[in-house]
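Asks:
2 protein chains.
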Amino acid sequence: MVRVEMLAVGKELLIGRTMNSNAHWVGRRLARLGSMINEVTTVDDDLDEIGRALKEALRRGPDFVVVVGGLGPTHDDMTLSGISRALGTGLRRNEKALELIREHYDKRGMGTVELTPARLKMARLPAGSVPLKNDAGTAPGVRLAAGGTTIFCLPGVPAEMRSIFRASVEPEVRSMLGRLHRSYVRMKLVGVLESALAPALAKELRRHPGAYIKSHPRGVREGVSRLELDVALVGTDTGRTEAEGEAVADELALAVEQLGGRVESVRGLKGGERRWK
Amino acid sequence: MVRVEMLAVGKELLIGRTMNSNAHWVGRRLARLGSMINEVTTVDDDLDEIGRALKEALRRGPDFVVVVGGLGPTHDDMTLSGISRALGTGLRRNEKALELIREHYDKRGMGTVELTPARLKMARLPAGSVPLKNDAGTAPGVRLAAGGTTIFCLPGVPAEMRSIFRASVEPEVRSMLGRLHRSYVRMKLVGVLESALAPALAKELRRHPGAYIKSHPRGVREGVSRLELDVALVGTDTGRTEAEGEAVADELALAVEQLGGRVESVRGLKGGERRWK
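Residue numbers (the working numbering), protein chains in the order written: chain A, 63 to 339; chain B, 63 to 339.
(1) Taking only beta-carbon atoms, is T104(A) less than 7 Å away from chain B?
(2) Evaluate the contact criterion for the segment 156 to 174 of chain A versus the segment 99 to 119 of chain A: three or more CB pairs, one atom per stretch, below 8 Å.
(3) Shorter than 7 Å from the beta carbon of S230(B) to some beta carbon of chain A?
(4) What residues of chain B sit near V296(A), judged by a beta carbon separation below 8 Å?
(5) Comparing the C-beta of L120(A) with each C-beta of chain B, is any distance below 7 Å?
(6) For R250(A), report the span of its beta strand (DSSP E) as first-last.
(7) For V127(B), which option in L316(B), G134(B) and A119(B) has the closest C-alpha, if you only look at C-alpha atoms?
(8) Looking at the strands, I want to know which residues DSSP matches up with H166(B).
(9) Which residues mark the beginning and the end of the beta strand (DSSP E) in which R268(A) is found?
(10) For chain B, is any of its Cβ atoms less than 7 Å away from the one on I145(A)?
(11) Going along chain A, which residues have a C-beta under 9 Å from M81(B)?
(12) Pull the bridge partners of V175(B) from the DSSP assignment, please.
(13) From G150(B) to A221(B), what distance separates their C-alpha atoms?
(14) In terms of residues, what are the limits of the beta strand (DSSP E) holding V88(B)?
(15) For the segment 249 to 273 of chain A, enumerate the residues whose C-beta is nearer than 7 Å to any C-beta of chain B, in chain order.
(16) Assign G209(B) to buried or exposed, taking buried as 16 or more other Cβ atoms, counted over all protein chains shown, within 10 Å of its Cβ.
(17) Is it buried or exposed for G323(B), if we count other Cβ within 10 angstroms and need 16 for buried?
(18) Output, in chain order, the set of chain B residues within a Cβ distance shorter than 7 Å of S225(A).
(19) Run through chain B and tell me which residues come within less than 9 Å of R90(A), C-beta to C-beta.
(20) With distances taken from CA atoms, which of A311(B), C215(B), L314(B) and L160(B) is nearest G131(B)?
(21) Quick check on this structure: which residue in S257(A), P179(A), K195(A) and Y274(A) has the alpha carbon closest to the alpha carbon of L76(B)?
(22) In chain order, what residues of the same chain have a beta carbon less than 7 Å from the beta carbon of L95(B), not counting five sequence neighbours either side?
(23) Thinking S146(A) and G152(A) are a contact (beta carbons under 8 Å), I'd like their distance in whole angstroms, please.
(24) Can you give me the Cβ contacts of R224(A) inside the same chain, cut-off strictly under 8 Å, excluding the 5 residues immediately before and after it?
(25) I need the DSSP call for K195(A), collapsed to helix, strand or coil.
(26) Does the beta-carbon of L242(B), which I'm using as the reference point, lie nearer than 6 Å to any heavy atom of the ligand ATP?
(27) Would DSSP call T211(B) helix, strand or coil?
(28) In terms of residues, what are the limits of the beta strand (DSSP E) holding T104(A)?
(29) For a minimum of 3 consecutive residues, which ranges assigned as the beta strand (DSSP E) are wholly contained in the segment 276 to 315 of chain A?
(30) My output table needs one value for T97(A): the three-state DSSP class, helix, strand or coil.
(31) For the candidate residues S257(B), A185(B), V71(B) and G218(B), whose alpha-carbon lies nearest to that of P279(A)?
(32) Put V127(B) into one of helix, strand or coil per three-state DSSP.
(33) For T174(A) and chain B, any beta-carbon pair shorter than 7 Å?
(34) Work out the CA separation of R79(A) and E266(A) for me, nearest whole Å.
(35) I want to see whether chain A comes within less than 7 Å of V318(B), judged by CB atoms only; does it?
(36) How big is the Cα-Cα spacing for A70(A) and N84(A)?
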């Protein structure tokens, strides 16, 4: 297993201004590779909080920490400064980063943009960092190593985060993971309470300890309880993983019927929605 | 200041299945009171991870930890067990919680629902806990104290989380905070780069160190840069807080114009959208 943590930086995430869609997107992306985010920490734009949270994350010994947010030109963009403090590296002007920033302004026909302190700030990286090209914005991403952990810093603007994640983060995670297949089935259930289904879920999990089996209550409409039920499996063999996933889903559908409920629909990750036979 | 942390539990949040809208909602709710969430930690449905994350949160000495998710009847609902382990309290059947669960089934005309182990599980709380009525679902919330910190455990289903938060969490936070007023202005800016505006933002922040001033890049459309700019202030005096917020916004609008940009619209928390004069 590969351990991946995310450290999301930004007060906007803590005051309900912005939904942490970056954690959602990265989690989804990693889940498709057969992995996941193991922990997300969200902290304020504050040097001490950023430094402390990074140190705590590193103590948990992850393979990767993806730090998101706080790379821009404004006063509250202090992620690199917080990281540099936590690691004791100091910040240095990185010529490659400066070149990327210049290129960005050139490409947008803004070659005459003056490299003010606010702009130069985006090129001041923790010593030992490698800047990562940002195809969707100005501030480069940053890659650096700390002990056995690789730290990636990405901008918080979703388009920029995604672009650098795809190009620079995902390939490294994938190569550490190896090739995995994930089967995924989602069922919509009606007329069965989660508490009634609980023993059947536990029983299937005992039979298939590697499976991810999880029910999500979707409220009660017209006196009828509604649930969503997810079944996921990760394995190296595509056929076997798909077959095991199908088998778990079939067993659970049977249990639902025995409890007087009904499977309204089933959806696999690959196929579209289909009615249950 | 009151320090509030959230510990969100659930693999669905880490694999991009579910957006952490609970953190967003709670953050927004607290921001209206003049507070915020200081840190959000999201972990897997795993006893060790839950216990460790709670211990780490308590070490940071918050006034409140709001734990969300993992209170239900299924195998993966293990929040209370994780907390009990971390605090060394043990789990005990709580008669008040059992009564709340029974009442819930009664009210839904399901008085004959058998109290199976899965259902009884929702009444097994860390010793010393107080159950909190859940008006929107089955599993009661839980309140317990650990040192100087009050821990609230709420179900992950948003309607249930919100209902218990409003009824049982918010009044306690509010009484610790006292009565605060928050002024909030959001401006949409066109034609000015974030990096160009950065010095003006920093200058305003030096003048008003208690202000929250933050720009959010909203991309470039037809060669024109777009930003959103938030200004928030918290204070005990309504009139003064509003006036200071307005003054900061006015100064920043002037700076935007001096940089060749334009304020497209301004929105206050109370009023609707209005064009900038």
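Each residue gets a CB set at the ideal place from its N, CA and C atoms; glycine is no exception.
Everything numeric in this text was worked out from a predicted model, so none of it was measured.
Replies: In this structure, then:
(1) Here residue 104(A) refers to the residue found at position 42 of the first sequence. Closer than 7 Å to some Cβ of chain B, the Cβ of T104(A) qualifies, so yes.
(2) Between the segment 156 to 174 of chain A and the segment 99 to 119 of chain A there are fewer than three inter-stretch CB-CB distances shorter than 8 Å, so the stretches are not counted as touching.
(3) Your numbering for residue 230(B) matches position 168 in the second sequence. Closer than 7 Å: no.
(4) As a working mapping, residue 296(A) is identified with position 234 in the first sequence. Per Cβ cutoff of 8 Å: no residues; V296(A) is ~11 Å from chain B at best.
(5) The residue labelled residue 120(A) in the question sits at position 58 within the first sequence. So, not an interface residue.
(6) Along the first sequence, read from residue 1 onward, the residue named residue 250(A) stands at position 188. According to the sequence as given, residue 250(A) is Lys; it is not Arg. From DSSP, the beta strand (DSSP E) with K250(A) extends over H243 to V252.
(7) As a working note, residue 127(B) is residue 65 in the second sequence. For the residues L316(B), G134(B) and A119(B), the minimum Cα distance to V127(B) belongs to A119(B).
(8) Against the second sequence, residue 166(B) aligns to sequence position 104. The secondary-structure analysis by DSSP pairs H166(B) with nothing; it has no beta-bridge partner.
(9) Locating residue 268(A) in the first sequence gives position 206, counting from the first residue. DSSP places R268(A) in no beta strand (DSSP E) but in the uninterrupted alpha helix (DSSP H) bounded by E256 to R269.
(10) Here residue 145(A) refers to the residue found at position 83 when the first sequence is read from its first residue. No, I145(A) does not count as interfacial toward chain B.
(11) Within the second sequence, numbered from 1, the residue matching residue 81(B) stands at position 19. Those within 9 Å of M81(B) in chain A are M81, N82, S83, A85 and H86.
(12) Looking up residue 175(B) in the second sequence gives position 113. V175(B) is not bridged to any residue.
(13) Here residue 150(B) is taken as the residue at index 88 of the second sequence, counted from 1. Here residue 221(B) is taken as the residue at index 159 of the second sequence, counted from 1. If you draw a straight line from the Cα of G150(B) to the Cα of A221(B), it comes to about 31 Å.
(14) One-based indexing of the second sequence puts residue 88(B) at position 26. Following the DSSP letters along the chain, one finds V88(B) in no beta strand (DSSP E) but inside the alpha helix (DSSP H) bounded by residues S83 to R94.
(15) Within the segment 249 to 273 of chain A, the residues whose Cβ lies closer than 7 Å to some Cβ of chain B are E256, S257, A260, P261, L263, A264 and L267, listed in chain order.
(16) Locating residue 209(B) in the second sequence gives position 147, where the first residue counts as 1. Classification of G209(B): exposed, given that the 10 Å Cβ count is below 16.
(17) For the purposes of this step, residue 323(B) is taken as the residue at position 261 of the second sequence. Only buried fits G323(B), as 16 or more other CB atoms lie within 10 angstroms of its CB.
(18) Residue numbering aside, residue 225(A) sits at position 163 when the first sequence is read from its first letter. Chain B residues near S225(A): none, gap ~13 Å exceeds 7 Å.
(19) For the purposes of this step, residue 90(A) is taken as the residue at position 28 of the first sequence. The answer, in chain order, is I77, G78 and R79.
(20) Position 69 of the second sequence holds residue 131(B). That would be C215(B), whose Cα lies nearest to the Cα of G131(B).
(21) By one-based count along the second sequence, residue 76(B) stands at place 14. Checking every option, the nearest Cα to that of L76(B) belongs to Y274(A).
(22) By one-based count along the second sequence, residue 95(B) stands at place 33. Taking L95(B) as the centre and dropping the five residues before and after it, the same chain places the C-beta of V235, R236, L239 and L242 closer than 7 Å to its C-beta, in chain order.
(23) For the purposes of this step, residue 146(A) is taken as the residue at position 84 of the first sequence. For the purposes of this step, residue 152(A) is taken as the residue at position 90 of the first sequence. Beta-carbon to beta-carbon, S146(A) and G152(A) are separated by about 6 Å, close enough to satisfy the 8 Å threshold.
(24) Within the first sequence, numbered from 1, the residue matching residue 224(A) stands at position 162. The residues W87 and A198, in chain order, have a CB closer than 8 Å to that of R224(A) in the same chain once the five nearest residues on each side in sequence are set aside.
(25) As a first step, residue 195(A) must be located in the first sequence, where it is residue number 133. DSSP places K195(A) in coil when its eight states are reduced to three.
(26) No copy of the ligand ATP appears in this structure; indeed no ligand is present at all.
(27) Within the second sequence, residue 211(B) is the residue found at index 149, counting from 1. T211(B): strand per DSSP, three-state reduction.
(28) What you label residue 104(A) is simply residue 42 of the first sequence in a count that begins at 1. E101 to V105 is the extent of the beta strand (DSSP E) around T104(A).
(29) Counting only runs of 3 or more, we get 286 to 297.
(30) The sequence position of residue 97(A) within the first sequence is 35, counting from 1. At residue 97(A) the sequence reads Ser, which differs from the Thr that was named. S97(A) sits in coil when the DSSP states are folded into three classes, being neither helix nor strand.
(31) Along the first sequence, read from residue 1 onward, the residue named residue 279(A) stands at position 217. Out of S257(B), A185(B), V71(B) and G218(B), G218(B) has the C-alpha closest to the C-alpha of P279(A).
(32) Residue numbering aside, residue 127(B) sits at position 65 when the second sequence is read from its first letter. Three-state DSSP puts V127(B) in a strand.
(33) Along the first sequence, read from residue 1 onward, the residue named residue 174(A) stands at position 112. At a cut-off of 7 Å between beta carbons, T174(A) makes no contact with chain B.
(34) Numbered from 1 along the first sequence, position 204 holds the residue referred to as residue 266(A). Numbered from 1 along the first sequence, position 17 holds the residue referred to as residue 79(A). A straight-line Cα-Cα distance of about 41 Å links E266(A) and R79(A).
(35) Numbered from its first residue, the second sequence carries residue 318(B) at position 256. With 7 Å as the cut-off, V318(B) does not count as an interface residue toward chain A.
(36) The residue you call residue 70(A) lines up with position 8 of the first sequence. The residue you call residue 84(A) lines up with position 22 of the first sequence. Each residue's Cα considered, the two are about 8 Å apart.
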